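Chemist: Here's a structure for you.
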Amino acid sequence: MPTATLVVRHSEDVRSLFGPQDRYLRRIREATGVKVLYRGDELVLDGPTEQLEAGQQTIKQLLEIIESGSSLGDEQLERVLGFTHPANGAENEAVIELRDKGKSVVARSPGQKEYVDAIRQHDLVFCRGPAGSGKTFLAVAMALQALRQQRVKKIVLVRPAVEAGEKLGFLPGDLLAKVNPFLRPLLDAMHDLLDYEQVRRYMDADIIEIVPLAFMRGRTLNQTYIILDEAQNTTVTQMKMLLTRMGEGSRSVVTGDSTQTDLPPNITSGFDDAILRLSGIEGVACVELTGRDIVRHRLVREIVEAYDDKSTSRRRSNH
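If you count the sequence shown from 1, position 154 lands on 154 in the working numbering, and the numbers rise without skipping.
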């Protein structure tokens with residue numbers, strides 16, 4: 001059986017990689033099908049040829065996280081395992097190549113594959129799904145691939161700054177500081193795929209822009225990849241404004257979870273409204289992800305199902 005080796009700088013990094021009582025090591029072996037041994041200053045990987053490369057890339061990425069000074073936790077481990085190779089080595093055609101980091105992002109469920117295929121084949125894609133189903137992460141990965149392949153010149157990541165239980169006016173700092181918490185999830189998704197320095201260079205050069213939805217009014221974006229996240233928190237007027245920003249050569253992906261809207265009860269969600277209005281137009285695709293597509297911590301799927309269970313909610317309300 002073929003093997004591969006990776007040089008490790010510090011033995012402490014190996015302990016972090018293997019995890020408490022080698023728990024992470026067992027999880028890596030289970031997910032990749034590759035055995036990992038520590039000999040001297042090297043990690044020796046042993047497994048089938050078709051799985052060895054994916055396992056090697058996975059461990060490289062985990063070591064990058066550790067060497068950057070971050071502590072490797074369960075959530076980071078599962079994110080890396082979930083998006084760098086097919087589960088259990090299964091074949092999956094929905095591969096998103098990210099050449100700058102020498103790795104691939106892979107759709108891990110039929111729903112995610114349908115989503116990736118829709119983005120490849122349509123200029124405007126709506127994706128509705130629960131937390132953890134990969135709708136934002138996969139959209140960002142596809143945008144980065146389009147940028148690297150020079151199919152677009154710019155990426156614009158947009159989020160509505162809806163006040164979910166907090167008033168913006170009472171948050172400290174200037175306007176940028178006030179909206180930063182709303183934009184942070186998009187930046188986190190970007191950092192999962194690119195080195196921090198590369199993200200900073202792209203942002204300094206205005207190649208990647210992360211902005212609140214309100215700042216999009218009056219703009220026309222040519223050869224731009226536009227991603228609107230948390231779209232369930234847009235009004236009908238805001239959604240129309242955002243969708244009409246598309247210029248020549250641009251593509252848009254709109255993601256949201258209709259069960260988590262922070263709009264007042266009397267306000268129609270622009271996300272649901274747009275899906276109803278535009279689903280029959282050529283060039284527009286609508287994809288529904290479900291709990292089966294959730295790839296975060298194993299508890300996330302059960303949490304989502306528990307909150308979606310109307311009978312459970314009724315039983316609690318009667319107590």
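All residues carry an ideal CB built from backbone N, CA and C; glycine is no exception. Treat the numbers as computed from the prediction; the structure is a model and nothing was measured.
What is the C-beta distance between S223 and G249, in whole angstroms, given that I count them as a contact (C-beta under 8 Å)?
Modeler: What sits at residue 223 in the sequence shown is Gln, not Ser. Their Cβ separation, rounded to whole angstroms, is 4 Å, which keeps Q223 and G249 in contact under 8 Å.
Chemist: Would L321 be called buried (16 or more neighbouring beta carbons within 10 Å of its own) or exposed?
Modeler: Here the chain comprises residues numbered 1 to 319, so residue 321 is not present and cannot be evaluated.
Chemist: Taking all protein chains shown into account, decide if D41 is buried (16 or more other Cβ within 10 angstroms of its Cβ) or exposed.
Modeler: When all chains shown are included, D41 counts as exposed.
Chemist: For P160, tell me which candidate among V125, A214 and T3 has the shortest Cα-Cα distance.
Modeler: When each option's Cα is compared against that of P160, the closest is A214.
Chemist: Give the straight-line distance between the Cα atoms of L193 and L138, rounded to the nearest whole angstrom.
Modeler: Each residue's alpha carbon lies about 10 Å from the other.
Chemist: Does the beta-carbon of I281 have 16 or more other beta-carbons within 10 angstroms, so that it is buried, or is it exposed?
Modeler: I281 is exposed by the Cβ-count criterion.
Chemist: Note down, in chain order, each residue of its chain lying with its Cβ closer than 8 Å to the Cβ of I66, except the 5 sequence neighbours on either side.
Modeler: Excluding residues within five positions, the ones whose Cβ falls inside 8 Å are D13, S16, L17 and L72.
Chemist: Output the residue ranges of the beta strand (DSSP E) runs that lie fully inside the stretch 116-156 and measure 3 residues or longer, sorted by chain position.
Modeler: Counting only runs of 3 or more, we get 124-128.
Chemist: Where does the unbroken alpha helix (DSSP H) through S11 begin, and where does it stop?
Modeler: Note, S11: alpha helix (DSSP H), S11 to F18.
Chemist: Using CA coordinates, which residue listed in I267, G218 and V44 is at the minimum distance from M241?
Modeler: Measuring from the Cα of M241, the nearest candidate turns out to be G218.
Chemist: Using alpha carbons as the reference points, say which of N233, M246 and S109 lies closest to T220.
Modeler: Per the Cα distances, M246.
Chemist: If you compare alpha carbons, which of Y202, Q51 and L37 is closest to S11?
Modeler: Selected option, being the one with the closest Cα: L37.
Chemist: Can you tell me which residues form a DSSP beta bridge with K35?
Modeler: BP columns for K35 point to D46.
Chemist: Say whether chain D places a C-beta atom closer than 8 Å to the C-beta of S250.
Modeler: The question asks about chain D, but that chain is absent: this structure has only one protein chain.
Chemist: Pick out whichever of S68, P48 and I28 has its Cα sitting closest to the Cα of L77.
Modeler: Among S68, P48 and I28, the Cα nearest to that of L77 belongs to I28.
Chemist: For Q21, which residues of its own chain have a beta-carbon under 7 Å away from its beta-carbon, when the five flanking residues on both sides are left out?
Modeler: So the list is empty, once near-sequence residues are dropped.
Chemist: Quick one: is V253 buried, meaning 16 or more other Cβ sit within 10 Å of its Cβ, or exposed?
Modeler: So V253 ends up on the buried side.
Chemist: Quick one: is L81 buried, meaning 16 or more other Cβ sit within 10 Å of its Cβ, or exposed?
Modeler: When all chains shown are included, L81 counts as buried.
Chemist: What distance in whole Å lies between the Cβ atoms of I96 and K154, which are believed to be in contact at a cut-off of 8 Å?
Modeler: Going by Cβ atoms, the distance from K154 to I96 rounds to 19 Å, so no, they are not a contact pair.
Chemist: Using 8 Å as the threshold, is the C-beta distance between V284 and L124 below it?
Modeler: Yes, they are a contact pair.
Chemist: I need the boundaries of the beta strand (DSSP E) containing E209, first residue and last residue.
Modeler: Here the beta strand (DSSP E) through E209 covers I208 to P212.
Chemist: What is the rounded straight-line gap between the Cα of T136 and the Cα of I226?
Modeler: Their backbone Cα atoms lie some 12 Å apart in a straight line.
Chemist: From which residue to which residue does the beta strand (DSSP E) around G256 run?
Modeler: Its beta strand (DSSP E) spans residues R251 to G256.
Chemist: In chain order, which alpha helix (DSSP H) runs of at least 4 residues are fully inside the stretch 262-296?
Modeler: Counting whole runs of 4 or more residues, the stretch 262-296 contains the alpha helix (DSSP H) stretches 270-278.
Chemist: If the criterion is Cβ atoms closer than 8 Å, does the pair V287 and A118 meet it?
Modeler: Against a cut-off of 8 Å, the Cβ pair of A118 and V287 comes out as a contact.
Chemist: If we count the other Cβ atoms within 10 Å of its Cβ and call it buried at 16 or more, is A306 buried or exposed?
Modeler: So A306 counts as exposed.
Chemist: Find out if the Cβ-Cβ distance for the pair E19, K35 is shorter than 8 Å.
Modeler: One detail in the question is off: residue 19 reads as Gly in this sequence, not Glu. No, these two residues do not count as a Cβ contact at 8 Å.
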